[in-house]
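Protein sequence lines, in the order shown, are assigned to chains A and B. Residues 102 to 643 in my numbering are what the first sequence lists, from first letter to last. Residues 102 to 643 in my numbering are what the second sequence lists, from first letter to last. Even for Gly, the Cβ is constructed at its ideal location relative to N, Cα and C.
Protein chains: 2
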Amino acid sequence: MRIALAQLNYHIGNFKANVEKVLTAIERAKSERADLVVFAELAITGYPPRDFLEFNEFIEMSEAAIKKIAEKSMGIGVIIGAPTKNLNLNGKRLRNSALFLNNGKIASIHNKGLLPTYDVFDEYRFFEPSGEFSLIEYKGVKIALTICEDIWNMDDQPMYDQSPMEILIKDKPEIMINISASPFDVDHHEDRLKILNENVSKYHLPIIYVNHIGAQTELIFDGGSMVMNAKGEIVKQLEFFKEDFQIWDSELANPKIKDQAPESLERIRQAIVIGIRDYFRKLGFKKTILGLSGGIDSALCAALAVEALGKENVTGILLPSEFSSDHSITDAKELAKNLGISAELIPIADSFSSFQKDLKPIFKDLPFGLAEENLQARIRGTLLMAISNKFGSILLNTSNKSEAAVGYGTLYGDMNGGLSIIGDLYKGQVYALSNHINLEKEIIPLNTIRKEPSAELRPDQKDSDSLPDYDVLDQILRLYIEQKQGRKDIISMGFDSKLVSKVLKLVNLNEYKRYQTAPVLRVSKKAFGMGRRMPIVARYLI
Amino acid sequence: MRIALAQLNYHIGNFKANVEKVLTAIERAKSERADLVVFAELAITGYPPRDFLEFNEFIEMSEAAIKKIAEKSMGIGVIIGAPTKNLNLNGKRLRNSALFLNNGKIASIHNKGLLPTYDVFDEYRFFEPSGEFSLIEYKGVKIALTICEDIWNMDDQPMYDQSPMEILIKDKPEIMINISASPFDVDHHEDRLKILNENVSKYHLPIIYVNHIGAQTELIFDGGSMVMNAKGEIVKQLEFFKEDFQIWDSELANPKIKDQAPESLERIRQAIVIGIRDYFRKLGFKKTILGLSGGIDSALCAALAVEALGKENVTGILLPSEFSSDHSITDAKELAKNLGISAELIPIADSFSSFQKDLKPIFKDLPFGLAEENLQARIRGTLLMAISNKFGSILLNTSNKSEAAVGYGTLYGDMNGGLSIIGDLYKGQVYALSNHINLEKEIIPLNTIRKEPSAELRPDQKDSDSLPDYDVLDQILRLYIEQKQGRKDIISMGFDSKLVSKVLKLVNLNEYKRYQTAPVLRVSKKAFGMGRRMPIVARYLI
């Protein structure tokens, strides 16, 4: 049997565009004599459609799209993910389904049994889990079709009390097909290889895995669709971070091939680049601006933005104040030159004076403090938004994860922006990725990388005045945010107890700031945003 | 049997404070010779604890708190909600439990069967649903103990495929007890009466219902705990929006009493007042500031803030521009006088000029437009934040639901603020509540109520230049947001098709703005915020 894997970049709710892509792939599959073409989970809607699933009209549009696709299934089998109505009166009103289309109609519907409802996933919010699973029999081949999480229940302590493959295997399938919407994180590819390996080992069958590629706001999909044989060898692999289409012929030899996955820093780079590109493209924007402080965060963001959008679409704005060092200007200018982007300079001294004058009757003789520091950041944020509004560009948020975690940033100031592109990178990762980008030639000025980080909001300020060394801070943050370790556990690992208490307190105190910031491109297993839901008024570890 | 209902205002994660409150109520119950005292669902953690539940240390602190409370259960029964560890290896690692404490220890654990996972609820994210239910037998009385949603499955098309009371009723209980964490919405009390009525009618038993009161960021709990007899009559009712403690003696006559629930506008008023008060108190703040434009939104917010925090803790800031009308100042001053709050005036003309000068080299001779309108709003937002930072107050967000829906507001400008207090009120409701507050005497100046709404960001601007009449807009928004009607359905109700398309498009296009705004006090069944989860880059109805 010739099976086509179609790895596409869908757009949530854009049924017209999604149907076109799917039909084009079906035509290609037909022309290449495929028997079956396989698309991803919820391909028709894009993933995750979130609360649009609660709108009847949305479901009707999805059904109409499926009907159009089914009409093109004459002479070919099509497997595609879509929401379907739950036919039982009990339970949630939808199912997360894999449809098998053939001969112009829906030949069978296969519903997801394991509904991820953790981290960024909300599937039980919408879907009723299925307890019934049956094979597809097509052209004499028995196929066990599952949807993403359905095969992710191999632990000693499984999260669900059923396993769809355990039921399907009883009817003696010959091939497994798993259609997925697996969001990227830097280690996801290894997790995926492990779970596919465990499945082929356990069931002694090859598996075909088809994933999304592209980004939907904060969630990035890396593709990496593949066929793994029953020995656990990759015999077909689609491209990472690109749309791709390949055919696997079950009758052919299909020798083992080398895993094409990029190494870890390169993965993050490509993920962020596609994250930026899709955010702009799917919203219908081309141009971006960002503030260039001469520091490493904005420099890295500019470099990534240029990769994603092209240098002609990126403008850097330099916004020096009286506290800015000389190198803040020279480093930013050098960066702009290296990247070939245009740069504009607007000193903020006059506006800062004007605000201070306005506030004088209220502030009287109170000393310069946090309010004045934040004021500078907000003047910058306001200027950037004015330029962005005037020229129809989107401002990029340049905060990193370490500072977002402890609230070292100004709300409505440097935390402005439509999308946080490095907000899931700790400061140490910002350095590592900057060095990685500089591997071939110096793009991010070395002085930017080498100098001590500073917000430059008061004379001689350094980040280290307020924060512990970033290497220590990052370790504590990882233990708390990613690994959910307790205060006592972290202290017992040898970190200073006062420091740990201070850091955890800062993280929890600053939920209110993160609540109001841009969506963050997710590259770790636990990013700020939709996958981390914290109360604001709580008093825990505070 | 004498059963005490303890209706308390818990604080998420503040185990020390929560334990103290619980112990005080237990002492009181003992001194009033109660046999049993009943607290709310997840009382020990506060509701909703959200992802803190994923932290082991949080669960350990909860267990330690329960142990302390159990020690005080000598000679009295205590029913209280807490998370417990799931004893099965399969499934989520926690249960949402009601603990029956007696004789110094946990006598039995009763796990929630129906886990709401929709709107603001995420319970299946954390908890494994139970399929086993058993009675408490205490002092010769058989009690059917359920947790909130457990009794909310009475529809013809039930959301869950089991019903805990159907199982419990087989063992012939004599009383039903339901411990809840039911967030307020303006119609919630009627929904609650209906469901309690359906349960007492079906099972022919009295029911004791104990709820939270107080607010946890966006979620407000109105209390309204009660005892309803088997005839569906309220025979005991605790106060709305206040902590309360009452004893119901099953041996006494317990005549029917009148429902004490406030009428609808008064309910919303009290809900928002407690929402503001708890946000400040639980974060450790006392003072607020807000911009006073002379318009109705900020006027209503100021009036509600004064009720919540006291006039000595509210400061109004008047920020007129060259486009401000004379009445914007006089109306705001009159409001401040009526409320007895201090008011400061800062004209923004100089800062506006300064920014325009700064931007001139980039903007060149481009005409005055949206960028300049937003700039004024952002200057105001920046001034307000500077004052808020300087004096340790929290800025209130004064956006209403109609403008938040269609994006008629400036991000990082008038959308600033720690808490959106009228963000779940459509413009029509803003007028209705303002008139309600004015019932006894004129607090909100009549001119503020009567004049045409305007953002005053350009000469002679009116809201009606950009938006349809608010009464039409509000109707369309309600149909789309609350009732999830489709475009065609709304048009078929007689609204202009172009207008409907425009409004729905605006709602969907502006997800990006709402993503970055303050938490909204929820008073409807569908508020912006945690209960409405929409993709940003989607292209649906756009």
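Selected residue, minimal CA-CA separation from residue i, among the options
i, options, result
"Ile180/B", "Phe140/B, Glu504/B and Arg194/B", "Phe140/B"
"Tyr616/A", "Asp286/A, Leu568/A, Glu543/A and Met516/A", "Met516/A"
"Lys542/A", "His289/A, Met327/A and Ala404/A", "Ala404/A"
"Leu622/B", "Ile145/B, Leu190/B, Ala316/B and Gly595/B", "Ala316/B"
"Ile177/B", "Ile210/B, Glu128/B and Val221/B", "Glu128/B"
"Ile582/A", "Lys614/A, Met635/A and Pro546/A", "Met635/A"
"Asp451/A", "Ile447/B, Gln457/B, Gly385/B and Leu446/B", "Gln457/B"
"His290/A", "Phe386/A, Asn197/A and Ala362/A", "Ala362/A"
"Ala105/A", "Val328/A, Pro265/A and Ala208/A", "Val328/A"
"Ala532/B", "Asp220/B, Ala118/B, Tyr380/B and Gly396/B", "Before going further, note that residue 532/B is Tyr rather than Ala in the sequence given. Taking only the C-alpha atoms, the option nearest Tyr532/B is Gly396/B."
"Ile369/A", "Asp360/A, Phe341/A and Thr389/A", "Phe341/A"
"Glu224/A", "Asn212/A, Asn197/A and Glu557/A", "Asn197/A"
"Thr483/A", "Phe492/B, Ala472/B and Ile270/B", "Ala472/B"
"Ile538/B", "Lys465/B, Ile373/B and Val336/B", "Ile373/B"
"Gly205/A", "Lys186/A, Ala199/A, Glu172/A and Ser235/A", "Glu172/A"
"Leu628/B", "Gln562/B, Lys614/B, Asn609/B and Leu526/B", "Per the sequence shown, residue 628/B should be read as Ala rather than Leu. For the residues Gln562/B, Lys614/B, Asn609/B and Leu526/B, the minimum Cα distance to Ala628/B belongs to Leu526/B."
"Gly324/B", "Glu161/B, Gln347/B, Glu557/B and Phe469/B", "Gln347/B"
"Val242/B", "Pro217/B, Met277/B and Ser264/B", "Met277/B"
"Ala433/A", "Gly392/A, Lys461/A and Leu410/A", "Gly392/A"
"Val336/B", "Lys343/B, Ile463/B, Ile358/B and Leu446/B", "Ile358/B"
Limits of the alpha helix (DSSP H) - the one that residue i falls within
i, result
"Val221/B", "It is not in any alpha helix (DSSP H) - Val221/B carries neither H nor E in the DSSP assignment."
"Phe346/B", "No alpha helix (DSSP H) holds Phe346/B; the beta strand (DSSP E) holding it covers Asp345 to Asp350."
"His428/A", "Asp427 to Leu440"
"Lys491/A", "Leu471 to Phe492"
"His289/B", "His289 to Tyr304"
Start-to-end residues for the beta strand (DSSP E) that takes in residue i
i, result
"Arg103/B", "Arg103 to Gln108"
"Ser443/A", "Ser443 to Leu446"
"Tyr239/A", "Ile237 to Tyr239"
"Phe322/B", "Leu320 to Asp323"
"Ser598/A", "Premise fails: Ser598/A lies in the alpha helix (DSSP H), Ser598 to Leu610, not in any beta strand (DSSP E)."
"Tyr310/A", "Ile308 to Val311"
"Ser209/B", "Lys206 to Asn212"
"Pro670/B", "Given that chain B is displayed from residue 102 to residue 643, the structure contains no residue 670/B and the question cannot be resolved."
8 Å contact criterion, which residue i and residue j should meet: CB distance rounded
i, j, result
"Ser281/A", "Asn312/A", "5 Å"
"Lys193/B", "Glu229/B", "4 Å"
"Ile449/B", "Arg481/B", "6 Å"
"Asp251/A", "Leu215/A", "5 Å"
"Phe222/A", "Ser209/A", "The Cβ separation is near 26 Å, so there is no contact."
"Phe322/A", "Ile314/A", "5 Å"
Contact test: residue i Cβ vs the ligand ZN heavy atom, cutoff 6 Å
i, result
"Lys458/B", "With respect to the ligand ZN, the structure shown offers nothing to examine, as it has no ligands at all."
For the segment 575 to 588 of chain B, which residues have a beta carbon sitting closer than 7 Å to at least one beta carbon of chain A?
Of all residues in the segment 575 to 588 of chain B, those with a C-beta nearer than 7 Å to a C-beta of chain A are Lys585, Gly587 and Arg588, reading in chain order.
Decide if the segment 468 to 486 of chain B is in contact with the segment 499 to 519 of chain B; the criterion is three or more beta carbon pairs, one per stretch, under 8 Å apart.
Three or more Cβ pairs closer than 8 Å define a contact, and the segment 468 to 486 of chain B meets that threshold against the segment 499 to 519 of chain B.
Does the count of Cβ pairs from the segment 532 to 552 of chain B and the segment 409 to 423 of chain B closer than 8 Å reach three?
No, they do not touch.
Return the residues of the segment 546 to 562 of chain A that lie within a Cβ-Cβ distance of less than 7 Å from chain B, sorted by chain order.
With the criterion set as a beta carbon lying under 7 Å from some beta carbon of chain B, the segment 546 to 562 of chain A has no members that meet it.
Below 8 Å between beta carbons is the criterion; list the residues of the segment 474 to 492 of chain B that meet it against any residue of chain A, in chain order.
Hits within the stretch, in order: Asn475, Leu476, Arg479, Ile480, Gly482, Thr483, Leu484, Met486, Ala487, Ile488, Asn490 and Lys491.
Could you tell me whether the segment 588 to 600 of chain A touches the segment 594 to 603 of chain B, where touching means 3 or more Cβ pairs closer than 8 Å?
Taking a cut-off of 8 Å on C-beta distances, the segment 588 to 600 of chain A does not touch the segment 594 to 603 of chain B, as fewer than three cross pairs fall below it.
Count the CB pairs spanning the segment 500 to 508 of chain B and the segment 378 to 385 of chain B that are closer than 8 Å, and state whether there are at least three.
Taking 8 Å as the limit for Cβ pairs, the verdict is that the segment 378 to 385 of chain B does not touch the segment 500 to 508 of chain B.
For the segment 236 to 265 of chain A, enumerate the residues whose C-beta is nearer than 8 Å to any C-beta of chain B, in chain order.
Of all residues in the segment 236 to 265 of chain A, only Asp257, Gln258, Pro259, Met260, Tyr261 and Asp262 place a beta-carbon less than 8 Å from a beta-carbon of chain B.
Specify whether the segment 164 to 171 of chain A and the segment 236 to 249 of chain A touch according to this definition: at least 3 beta carbon pairs, one from each stretch, less than 8 Å apart.
In short, these stretches do not touch, since the Cβ pair count stays below three.
Anything in the segment 106 to 137 of chain A with a Cβ closer than 8 Å to a Cβ of chain B? List those residues in chain order, please.
Per Cβ criterion, the list reads His112, Ile113, Gly114, Asn115 and Ala118.
Residues of the segment 506 to 517 of chain B whose Cβ lies closer than 8 Å to any Cβ of chain A, in chain order
Listed in sequence order: Leu512, Tyr513 and Asn517.
Under 7 Å, CB to CB, which of the residues in the segment 434 to 450 of chain B have a partner in chain A?
Shown in chain order are the members of the segment 434 to 450 of chain B whose Cβ falls below 7 Å from a Cβ of chain A: Glu445 and Ile447.
Could you name the residues of the segment 173 to 203 of chain B whose beta carbon sits closer than 9 Å to any beta carbon of chain A, in the order they occur along the chain?
Cβ contacts with chain A come from Asn189, Leu190, Asn191, Gly192, Lys193 and Arg194.
Pairs of beta-carbons, one from the segment 518 to 526 of chain B and one from the segment 486 to 498 of chain B, closer than 8 Å: are there three or more?
Output reads yes: the segment 486 to 498 of chain B touches the segment 518 to 526 of chain B.
With 9 Å as the C-beta to C-beta threshold (strictly closer), list the residues of the segment 147 to 174 of chain B near chain A in chain order.
Flagged, chain order: Gly147, Pro149, Pro150, Arg151, Asp152, Phe153, Glu155, Phe156, Asn157, Glu158, Phe159, Glu161 and Met162.
Pull out every residue of the segment 611 to 638 of chain B whose Cβ sits closer than 8 Å to any Cβ of chain A, in chain order.
From the segment 611 to 638 of chain B, only Tyr613, Tyr616, Gln617, Thr618, Ala619, Pro620, Met631, Arg633, Arg634, Met635, Pro636, Ile637 and Val638 have a Cβ closer than 8 Å to chain A.
Compile a chain-ordered list of the residues in the segment 516 to 530 of chain B whose CB is closer than 7 Å to at least one CB of chain A.
Residues Asn517 and Gly519.
Of all the residues that make up the segment 362 to 380 of chain B, which are near chain A by a beta-carbon distance shorter than 8 Å?
Result list: Asp379 and Tyr380.
Which residues of the segment 379 to 395 of chain A have a Cβ closer than 8 Å to any Cβ of chain B? Give them in chain order.
Taking 8 Å as the Cβ-Cβ cut-off against chain B, the residues of the segment 379 to 395 of chain A that qualify are Asp379, Tyr380, Lys383 and Leu384.
Please name the residues in the segment 300 to 320 of chain B whose beta-carbon is closer than 7 Å to at least one beta-carbon of chain A, in chain order.
Residues Gln317 and Thr318.
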